[in-house]
Amino acid sequence: MQQCGPSSPSCSTSDCFPLGTLNTAACGSETSAEPQKREPAGLFRMRPIVIFYGFYLLCFGLGVACVVCVYLWNSKWRGGFAWDGSPLQFNWHPVLMVTGLVVVYGNGAVLYRIPLTWGQNKLPWKLLHAALMLLALVLSIVGLCAVFDFHNAQKTPNLYSIHSWIGIAATALFAMQWVAGMAGFLLPCSPISLRKRLKPMHVWLGGSILTLSIAACISGINEKLFFVLKGINMTQPYSALPPEALLGNSLGVLIIAFGLVVLKILSTREWQRPDSRPEDMAYTPLLQEENE
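Note that the numbering used here numbers the sequence shown so that position 7 is 138, with each residue one more than the last.
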């Protein structure tokens, strides 16, 4: 037997120096191997956060690409924008609907998943969430006003296509969702029991509205391309896939990709805000050492 230190208990050489790890803490050394033990655990805990921010950056980039694409389509190929009952007024409709009902809405939906918001006062983030959703709703309503105004000026029937039915349903559900969310989650007088009952429906309806919005945008893009690309007035038919059709189809693909990334973020359990997880799961703030 060897003594590892004057004040340490007796231990064999194999006890003091096990293979792969120098257990100097047990032998009275001032240097502890605890940091080496913590590092893999910290990296393991950081991994889902890093993956989340990768998806979040992808979500943000796809959203910007959607807005740029729909703006270029209507400014370059459709002649620009106006508010005079002409086809230029209609051009506001796709821009505002894609921007509001899809991009701003999607970014507002994933706000609570951002790890920087965890462990903080939830009220400011609730207000920001409500503000982003209100902005999305206002943009959507203005977009609907643009197309109704245009149809009325051109004596065109309203709400005759499946695209318009889906779009109206998505906007109406969105308006009811916002009002119910404001009343249930932001008014101080709303009871906690009501919030608990309302939350699952609020989350489910939020994803459903986004799905309906994407369906409305895709069907609207396709409908518009069929209307304007008929192979007359020096234009190529849609079947020839001219540059405008390529841009419109690319916009549809970007919208679908954006929606899939948002739904992925919303459905991944590891990225949920900790206070929304089951009560038996303890919450440890990000990057906090386990043995503080």
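In this text, a Cβ means the ideal position worked out from N, Cα and C, and glycines have one as well. This one's a predicted model, so the numbers in the text were calculated from it and none came from an experiment.
Inset, instruction - Output the distance between the C-alpha atoms of glutamate 170 and arginine 176, rounded to the nearest integer angstrom. - result: Looking up residue 170 in the sequence shown gives position 39. Looking up residue 176 in the sequence shown gives position 45. Only weak support exists for where glutamate 170 lies, its pLDDT of 46 falling under 50; the value from the coordinates is given anyway. Computed Cα separation, rounded: 10 Å.
Legend entry - Between the CA atoms of threonine 366 and leucine 397 - distance to the nearest angstrom: For the purposes of this step, residue 397 is taken as residue 266 along the sequence shown, with counting starting at 1. For the purposes of this step, residue 366 is taken as residue 235 along the sequence shown, with counting starting at 1. Taking the straight line from one Cα to the other gives about 42 Å.
Legend entry - Endpoints, the alpha helix (DSSP H) within which asparagine 252 is located: Residue mapping note: residue 252 aligns to position 121 of the sequence shown, counting from 1. Note, asparagine 252: premise wrong, no alpha helix (DSSP H); not H, not E.
Legend entry - Any 3 or more C-beta pairs closer than 8 Å across the stretch 368-376 and the stretch 216-229: no
Inset, instruction - May I ask you to report which of helix, strand or coil DSSP gives lysine 361? - result: Along the sequence shown, read from residue 1 onward, the residue named residue 361 stands at position 230. In this structure, lysine 361 counts as strand in the three-state DSSP scheme.
Inset, instruction - Excluding the 5 residues preceding and the 5 following leucine 266 in the sequence, name in chain order all residues of the same chain whose CB lies nearer than 6 Å to its CB. - result: Taking the first residue of the sequence shown as position 1, residue 266 is located at position 135. So the qualifying residues of the chain are Val235.
Inset, instruction - Determine the DSSP secondary structure at threonine 155, reduced to helix, strand or coil. - result: Taking the first residue of the sequence shown as 1, we reach residue 155 at position 24. The pLDDT assigned to threonine 155 is 42, lower than 50, so where the model puts this residue is not dependable; a value taken from the coordinates is nonetheless given after this. In the structure shown, threonine 155 sits in a helix (DSSP, three-state: H, G or I).
Inset, instruction - Have a look at lysine 361 and tryptophan 309 and give me their C-alpha separation to the nearest angstrom. - result: Along the sequence shown, read from residue 1 onward, the residue named residue 361 stands at position 230. Along the sequence shown, read from residue 1 onward, the residue named residue 309 stands at position 178. Approximately 40 Å between the Cα atoms of the pair.
Inset, instruction - Identify, in the order they occur along the chain, each residue of the same chain with its Cβ nearer than 6 Å to the Cβ of aspartate 411, setting aside the five sequence neighbours on each side. - result: Sequence index remark: in the sequence shown, residue 411 carries index 280 (1-based). At aspartate 411, the pLDDT of 38 sits below 50, so the modelled position is not reliable; the number obtained from the coordinates is stated separately. The answer is none, since no qualifying residue turns up.
Legend entry - Exposure label - arginine 178; buried when at least 16 CB within 10 Å: For the purposes of this step, residue 178 is taken as the residue at position 47 of the sequence shown. Classification for arginine 178: exposed.
Inset, instruction - Within the same chain, show all residues whose beta-carbon is closer than 7 Å to that of proline 166, passing over the 5 residues directly before and after it, in chain order. - result: Taking the first residue of the sequence shown as position 1, residue 166 is located at position 35. Low confidence applies here, because proline 166 scores a pLDDT of 48, under 50, leaving its location unreliable; read the following figure in that light. There are no such residues.
Legend entry - Beta-carbon contacts of leucine 193 that lie in its chain and below 8 Å, excluding the five residues immediately before and after: Taking the first residue of the sequence shown as position 1, residue 193 is located at position 62. Answer for leucine 193: Leu385, Ala388, Phe389 and Val392, listed in chain order.
Inset, instruction - Could you tell me whether the Cβ atoms of alanine 347 and alanine 301 are closer together than 8 Å? - result: Taking the first residue of the sequence shown as 1, we reach residue 347 at position 216. Taking the first residue of the sequence shown as 1, we reach residue 301 at position 170. Yes; because the gap between Cβ atoms is below 8 Å, this pair is in contact.
Inset, instruction - Give me the Cα-Cα distance between valine 195 and valine 233, rounded to the nearest whole angstrom. - result: In the sequence shown, the residue the question calls residue 195 occupies position 64. In the sequence shown, the residue the question calls residue 233 occupies position 102. Near 11 Å, if we compare the C-alpha coordinates of valine 233 and valine 195.
Inset, instruction - To the nearest angstrom, report how far apart cysteine 200 and leucine 268 are at their CA atoms. - result: Within the sequence shown, the letter at position 69 stands for residue 200. Within the sequence shown, the letter at position 137 stands for residue 268. About 21 Å.
Inset, instruction - Find out if the Cβ-Cβ distance for the pair histidine 224, valine 278 is shorter than 8 Å. - result: Locating residue 224 in the sequence shown gives position 93, where the first residue counts as 1. Locating residue 278 in the sequence shown gives position 147, where the first residue counts as 1. Judged by beta-carbon spacing, valine 278 lies within the 8 Å limit of histidine 224, meaning their Cβ atoms are closer than that value.
Legend entry - For proline 225, the first and last residue of its enclosing alpha helix (DSSP H): Numbered from 1 along the sequence shown, position 94 holds the residue referred to as residue 225. Taken as a continuous stretch (DSSP letters only), the alpha helix (DSSP H) holding proline 225 covers 223-228.
Legend entry - CA-to-CA distance, alanine 240 to glycine 185, given in whole angstroms: Against the sequence shown, residue 185 aligns to sequence position 54. Against the sequence shown, residue 240 aligns to sequence position 109. When rounded, the separation of the alpha-carbon atoms in glycine 185 and alanine 240 is 17 Å.
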